[in-house]
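Undergrad: The structure follows.
Number of protein chains: 2
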Amino acid sequence: MKIKKFLLSESDIPKQWYNIAADLPSPMQPPMGPDGNPIKPEMLSPVFPDNLIEQEMSRERWIDIPPEVRELLAIWRPTPLIRASRLEAHLKTPARIYYKDESVSPAGSHKPNSAVPQAWYNKKFGIKKLTTETGAGQWGSALAFATSLLGLECKVFMVRISFDQKPFRKTLMQVWGAKCIASPSSETRTGREILKKMPDTPGSLGIAISEAIEEAVSDKTGKTRYTLGSVLNHVLLHQTIIGLEAKKQLTLAGEKKPDVVIGCAGGGSNFAGISFPFVCDKIHGGKIEIYPVESTTCPKMTRGPFAYDHGDTARMTPLLPMYTLGHTFIPPPIHAGGLRYHGMAPLVSQCIVEGLITPRSYDQLKCYDAALVWARTEGTVCAPETSHAIACVIDEANKAKKEGKEKVILFNYSGHGLLDLAGYEKYMAGHLKEIRLSDSELCESLEVIKDFPKVKKARTGKW
Amino acid sequence: MKIKKFLLSESDIPKQWYNIAADLPSPMQPPMGPDGNPIKPEMLSPVFPDNLIEQEMSRERWIDIPPEVRELLAIWRPTPLIRASRLEAHLKTPARIYYKDESVSPAGSHKPNSAVPQAWYNKKFGIKKLTTETGAGQWGSALAFATSLLGLECKVFMVRISFDQKPFRKTLMQVWGAKCIASPSSETRTGREILKKMPDTPGSLGIAISEAIEEAVSDKTGKTRYTLGSVLNHVLLHQTIIGLEAKKQLTLAGEKKPDVVIGCAGGGSNFAGISFPFVCDKIHGGKIEIYPVESTTCPKMTRGPFAYDHGDTARMTPLLPMYTLGHTFIPPPIHAGGLRYHGMAPLVSQCIVEGLITPRSYDQLKCYDAALVWARTEGTVCAPETSHAIACVIDEANKAKKEGKEKVILFNYSGHGLLDLAGYEKYMAGHLKEIRLSDSELCESLEVIKDFPKVKKARTGKW
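Residue numbers (my numbering), protein chains in the order written: chain W, 1 to 463; chain V, 1001 to 1463.
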């Protein structure tokens, strides 16, 4: 029998996270306060616990994973690396396609990789309650799962469009004991103000972030903190166990290195998780094509500028240097809720600026089409976000066929779609359409950032 | 780190299925025709392909698994054996609890273990289309998955109450290219007649089976056959890979044998899968307690007689010797749809008669309670059916604590509940109640079998 699955044992769970900030050719530009001055760690203290702020600011290449965190990660890790041999046969490609299966976590995605350490560090710091936002519901479920394991309270603001499209995500969070409400909500000042102006808004991650931060910082006991499921350095750091495990597993599979690495990218966390250990190789001379894949309906990497912008709509976060569509941008209500964020993680953005990775964008129809090909060959139902990676994988496998090249393609199977079947149903019934954003729409949404401090023009390298 | 997961490699997937019919102390009583004579293999030919009829009738102890079937099973097998150490700690029990995680299959349950070989044998026999029924939707999804892999047509009759409660199960089947309709339907004579009499019926597996058989046998080209997801000998046979793998894995875990083996039981397939290899040990002198767990709302094993009865409402199947509540019994609409079948597999029934296994029944409230304990300790969301096994496991672990005994408890985690969150939602909102069936209700439903041939009084052994 041809071996298909490459498994590691619990002792193979990485003992350290990889921090790409130590290796980037140009130094990262700092987060800024509204006054145009770099923010200091203590300014973040009301929002995050100090131990995570330290990770956020760290430039150490390797950061130890506490043994207790590894023990919790072992509930579902190491995740399998699987050869997509049935898809290969279907495409008649000479490419060898491998996927890292992050859908096997209890919450169904890569998100618990960061939810568990975040909950653990907060608990260690004496925090009793965590707040957060969630788009598609993947991050909210992951945090509900993690807080359930660690005995913390949890409150999740879920973007209304996803809350309505995916009612069972809320139930899932409740099963783990968390509270989940639709955002914008009447429970925060930010939410109430937005509801007054736009009572029928589908909501956005930017709005939900504002609400969750407001809820955290307004707890007078000081025992509540906010958590974010993507974008920030420490979140991307936690996800690098994906790529570190995948490296070991590719060796087990007899491969020297991948030629192509692909991940879908909303805020950047699953993409960074699979790719950063390979970006490191590329910085040190390796030849690898690396593609973050976004939705054409939220095209910050392929059509937005690299600029300073807030992470949230109510401008509660510092200004971050990132590819952005403007913090008030509200994307069309596609089912890939995790890809509806207006900005891209600063670390991923910096990799784009440096020329280390090359963003791509795909329309939802092509992605659902890829998802059905996947379900009928590899057998599993992927998340709508993940389908963007798969659409790109299929294009790359077809390219390899045209070129007659035996390429090794690695991608992150970031989550399953068992709670996203409403989207599949609409697609199969022909109710979804291609969505094109005009240049003028995008320009208009960028008005809000025009007076912000400018990023330094960064050197773009040749790799 | 304490090891929690016991994994096997693809080469450990069993090469043979275990047929308990070869080892039962008393011979099985034959299926009977309506005339009271044992049915002959050729009478089943319009319904099943000859190669599966041969398996159904076989008394060989070991039956080879074709290499092509093993290759397809390897898409998700071997499944992990996992130590439920967080549940143990929560219960403060000296028992060591292990579960075989069958939820990892693409369809989310143990059902593909039989769907894949059934589809393969049918294809080998030249069949182009399969029909079936499904209760909770687990079997229908599994067959849709299997036919998708093998390029066969598939039509699923889904019990109406589940069709309405679990709309996304239908979508899942469609993703794999199958057709799924609510039963009773207007597409068969049986369905139309029942709808005329009871337009608001929640349906039952018995009705759906009648419809699926009718659809298969009325195809004049002879290229359609019917498949069943439980009850029959060959289905239980296919599931024995669960217990065979678990045996190897218990050895890896350093355990000589389980003291207690538990599985929920609707038609009997997942229970048989985990337990039959251990029932074999018990027949040969091993000391093991073995519990099939049913719902109190469909209590054929704990409150029904062992008798000849039809497998379906319209009496299209032969008479089978089994624990039954009568083929017209329609259980209350609980969310554990897979436990709503009126009869128990003849092989499992025979094990009860022989005293090899001891049936238990649990009410849905206690089971959902167990499911929440499970989600908040072990981290995953189980199917409502599986929660019945978990409720029994918790009772047994508490008993071990009371007795101060280091028992080894093994159970089958037959499926995840990610498509069953509506039931959890109702439970958490306090909308579910305990359901008690009266003796007179049960007696009444047994009226329909009173003129059938009687089973021989079997010897009950002491084990």
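Using N, Cα and C, we set each Cβ at its ideal position, and we do this for glycine too.
Between the beta-carbon of Lys-1300/V and the beta-carbon of Thr-1328/V, is there less than 8 Å?
TA: The residue given as residue 1300/V occupies position 300 in the second sequence. The residue given as residue 1328/V occupies position 328 in the second sequence. It is not a contact, given that the beta carbons lie outside the stated cut-off.
Undergrad: Using the rule of at least 16 other Cβ atoms within 10 Å of the residue's Cβ for burial, across every protein chain shown, is Asn-1113/V buried or exposed?
TA: Counting from 1 along the second sequence, the entry for residue 1113/V is found at position 113. Buried: at least 16 other Cβ atoms inside 10 Å.
Undergrad: Taking contact to mean 3 or more Cβ pairs, one atom from each stretch, closer than 8 Å, check whether the segment 1022-1036 of chain V and the segment 26-39 of chain W are in contact.
TA: Fewer than three Cβ pairs drawn from the segment 1022-1036 of chain V and the segment 26-39 of chain W lie within less than 8 Å of each other, which leaves the two stretches out of contact.
Undergrad: How long is the line joining the alpha carbons of Ile-53/W and Gln-239/W, rounded to whole angstroms?
TA: Taking the first sequence and counting its residues from 1, the one referred to as residue 53/W is at position 53. Taking the first sequence and counting its residues from 1, the one referred to as residue 239/W is at position 239. One C-alpha to the other measures close to 17 Å.
Undergrad: For a cutoff of 8 Å on Cβ pairs, would you count Val-1175/V as touching chain W?
TA: To locate residue 1175/V, count along the second sequence from 1; it is residue 175. Nearest CB-CB separation between Val-1175/V and chain W: below the 8 Å threshold.
Undergrad: Kindly indicate if chain W contains any beta-carbon less than 8 Å away from that of Phe-1145/V.
TA: Taking the second sequence and counting its residues from 1, one reaches residue 1145/V at position 145. Yes, its Cβ sits closer than 8 Å to a Cβ of chain W.
Undergrad: In the DSSP assignment, the beta strand (DSSP E) including Arg-1340/V goes from what residue to what residue?
TA: Counting from one through the second sequence, the residue named residue 1340/V turns up at place 340. Counting along the chain, Arg-1340/V falls outside any beta strand (DSSP E), and DSSP gives it neither H nor E.
Undergrad: Would you tell me roughly how many angstroms separate the C-alpha atoms of Thr-358/W and Leu-130/W, rounded to the nearest one?
TA: As a first step, residue 358/W is located in the first sequence; it is residue number 358 there, counting from the start. As a first step, residue 130/W is located in the first sequence; it is residue number 130 there, counting from the start. Cα-Cα distance, rounded: 35 Å.
Undergrad: Gln-1016/V lies in the beta strand (DSSP E); which residues open and close that run?
TA: Position 16 of the second sequence, counted from the start, is the residue given in the question as residue 1016/V. Element bounds for Gln-1016/V: 1016-1018.
Undergrad: Who are the near neighbours of Asp-259/W in its chain, counting only those whose CB is closer than 6 Å to its CB and skipping five residues on each side?
TA: Within the first sequence, residue 259/W is the residue found at index 259, counting from 1. Excluding its 5 nearest sequence neighbours in each direction, Asp-259/W has C-beta neighbours in its own chain below 6 Å: Lys-407 and Val-408, listed in chain order.
Undergrad: Does Leu-1044/V get closer than 8 Å to chain W when you measure Cβ to Cβ?
TA: Stepping through the second sequence from its first residue, residue 1044/V is reached at position 44. So no, Leu-1044/V is outside the interface.
Undergrad: Give the range of the beta strand (DSSP E) segment to which Arg-1083/V is assigned.
TA: As a working mapping, residue 1083/V is identified with position 83 in the second sequence. DSSP places Arg-1083/V inside the beta strand (DSSP E), whose first and last residues are 1081-1083.
Undergrad: Are there 16 or more other CB atoms within 10 angstroms of the CB of Ser-1204/V, so buried, or fewer, so exposed?
TA: As a working mapping, residue 1204/V is identified with position 204 in the second sequence. Buried, because 16 or more other Cβ atoms sit within 10 Å of the Cβ of Ser-1204/V.
Undergrad: If the cut is a Cβ gap below 7 Å, which residues of chain V does Thr-380/W touch?
TA: For this step, residue 380/W is matched to residue 380 along the first sequence. The answer, in chain order, is Pro-1106.
Undergrad: In chain V, what lies closer than 8 Å to Glu-10/W by C-beta?
TA: To locate residue 10/W, count along the first sequence from 1; it is residue 10. Here the neighbours are Met-1001, Ile-1003, Lys-1004 and Lys-1005.
Undergrad: Between the C-alpha atoms of Ala-370/W and Glu-193/W, what's the straight-line distance to the nearest angstrom?
TA: To locate residue 370/W, count along the first sequence from 1; it is residue 370. To locate residue 193/W, count along the first sequence from 1; it is residue 193. Rounded to the nearest angstrom, the two C-alpha atoms are 40 Å apart.
Undergrad: Identify the continuous alpha helix (DSSP H) that holds His-416/W and give its terminal residues.
TA: Taking the first sequence and counting its residues from 1, the one referred to as residue 416/W is at position 416. His-416/W -> no alpha helix (DSSP H), and no H or E assigned at all.
Undergrad: Between which two residues does the beta strand (DSSP E) holding Ala-1518/V run?
TA: It is not possible to answer for residue 1518/V, since the shown part of chain V is limited to 1001 through 1463.
Undergrad: State yes or no: is the beta carbon of Tyr-424/W nearer than 8 Å to at least one beta carbon in chain V?
TA: Numbered from 1 along the first sequence, position 424 holds the residue referred to as residue 424/W. Tyr-424/W counts as touching chain V.
Undergrad: Given that a residue counts as buried once 16 or more other Cβ atoms are within 10 Å of its Cβ, and exposed if not, what is Trp-1076/V?
TA: To locate residue 1076/V, count along the second sequence from 1; it is residue 76. The residue is buried, with at least 16 neighbouring Cβ atoms inside 10 Å.
Undergrad: Taking its Cβ as the centre, do 16 or more other Cβ atoms sit within 10 Å of Trp-1062/V, making it buried, or is it exposed?
TA: Working through the second sequence from its first residue, we reach residue 1062/V at position 62. Result: exposed.
Undergrad: How about Val-217/W and Leu-228/W: do their beta carbons lie closer than 8 Å?
TA: On the first sequence, residue 217/W is found 217 positions in, with the first residue counted as 1. On the first sequence, residue 228/W is found 228 positions in, with the first residue counted as 1. No, these two residues do not count as a Cβ contact at 8 Å.
Undergrad: Are the CB atoms of Phe-145/W and Ala-115/W within a distance shorter than 8 Å?
TA: Numbered from 1 along the first sequence, position 115 holds the residue referred to as residue 115/W. Numbered from 1 along the first sequence, position 145 holds the residue referred to as residue 145/W. Going by C-beta atoms, Ala-115/W is nearer than 8 Å to Phe-145/W.
Undergrad: Decide yes or no for the touch test of the segment 199-214 of chain W against the segment 151-162 of chain W: beta carbon pairs closer than 8 Å, at least 3 of them.
TA: yes
Undergrad: Measure the beta-carbon distance from Met-1316/V to Ile-1213/V and round it to whole angstroms, keeping in mind my assumption that it falls under 8 Å.
TA: The sequence position of residue 1316/V within the second sequence is 316, counting from 1. The sequence position of residue 1213/V within the second sequence is 213, counting from 1. Going by Cβ atoms, the distance from Met-1316/V to Ile-1213/V rounds to 5 Å, so yes, they are a contact pair.
Undergrad: On the DSSP bridge list, what partners appear for Arg-1225/V?
TA: One-based indexing of the second sequence puts residue 1225/V at position 225. Leu-1130/V, per the DSSP bridge assignment.
Undergrad: Lys-454/W: which of Asp-12/W, Lys-248/W and Pro-31/W sits nearest, CA to CA?
TA: What you label residue 454/W is simply residue 454 of the first sequence in a count that begins at 1. Cα-wise, what sits closest to Lys-454/W is Pro-31/W.
Undergrad: Identify every residue that forms a DSSP beta bridge with Trp-62/W.
TA: For the purposes of this step, residue 62/W is taken as residue 62 along the first sequence, with counting starting at 1. Beta-bridge partners assigned by DSSP to Trp-62/W: Tyr-18/W.
Undergrad: Going by other Cβ atoms of all chains shown within 10 Å of its Cβ, with 16 needed for buried, is Ser-11/W buried or exposed?
TA: Counted from its first residue, the first sequence places residue 11/W at position 11. Looking at its Cβ environment, which holds fewer than 16 other Cβ atoms inside 10 Å, Ser-11/W is exposed.
Undergrad: Is the beta carbon of Arg-360/W within less than 7 Å of some heavy atom of the ligand ATP?
TA: As presented, the structure is devoid of all ligands, the ligand ATP included, so that no description of it is given.
Undergrad: Nearest chain V C-beta to Arg-489/W closer than 8 Å, yes or no?
TA: Residue 489/W is absent from the structure shown; chain W starts at 1 and stops at 463.
Undergrad: Taking the DSSP output, what are the residues bridged to Gly-263/W?
TA: As a first step, residue 263/W is located in the first sequence; it is residue number 263 there, counting from the start. Paired residue(s): Pro-292/W.
Undergrad: Could you compute how far the alpha carbon of Ile-1262/V sits from the alpha carbon of Tyr-1099/V?
TA: Position 262 of the second sequence, counted from the first residue, corresponds to residue 1262/V. Position 99 of the second sequence, counted from the first residue, corresponds to residue 1099/V. When rounded, the distance between both Cα atoms is 10 Å.
Undergrad: Could you tell me whether the segment 419-427 of chain W touches the segment 379-389 of chain W, using the rule of 3 or more Cβ pairs below 8 Å?
TA: yes
Undergrad: Please confirm if Phe-428/W has its CB atom under 8 Å from at least one CB of chain V.
TA: One-based indexing of the first sequence puts residue 428/W at position 428. Contrary to the premise, residue 428/W reads as Met rather than Phe in this sequence. True, the Cβ-Cβ gap to chain V drops below 8 Å.
Undergrad: Taking Ala-429/W as the reference, give the member of Asn-1019/V, Phe-1125/V and Lys-1170/V with the closest Cα.
TA: One-based indexing of the first sequence puts residue 429/W at position 429. When each option's Cα is compared against that of Ala-429/W, the closest is Lys-1170/V.
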